[in-house]
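Numbering (this note's numbering), first residue to last: 146 to 247.
Using N, Cα and C, we set each Cβ at its ideal position, and we do this for glycine too.
Shown next, in structure tokens, is the structure this report addresses.
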């Protein structure tokens, strides 16, 4: 499965509203997990089995909780049993489809 998630604190008390330190704590946990992952400006995608992926999401969410009085978590999952390597595979198929349309 692939899970795309975004986690951020609120109630941080920071005058600039920045949450980069909290997000860095979450991304650090994802990177240390050893699971395939990718982080963009809005989401982090992580690939693996259900229990291992959600354990990482939980740990990342708990880490963010230290930075504010509330935590917002957004999740989207692609659950496709029997498939691995889809973090890259989906993009490769997309690029092929774009190229073939030219």
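Taking a C-beta distance under 7 Å as the contact criterion, residue 189 and residue 198 do not qualify as a contact pair. Beta-bridge partners assigned by DSSP to residue 153: 217.
Here the stretch 205-222 lies against the stretch 154-171, with 3 or more beta-carbon pairs under 8 Å apart. When DSSP states are grouped into helix, strand and coil, residue 225 belongs to the coil group.
Residue burial is scored here from C-beta neighbours: residue 167 has at least 16 other C-beta atoms within 10 angstroms and is therefore classed as buried. The Cβ atoms of residue 192 and residue 147 sit closer than 7 Å to each other. Under DSSP, the beta-bridge partners assigned to residue 189 are 150 and 184.
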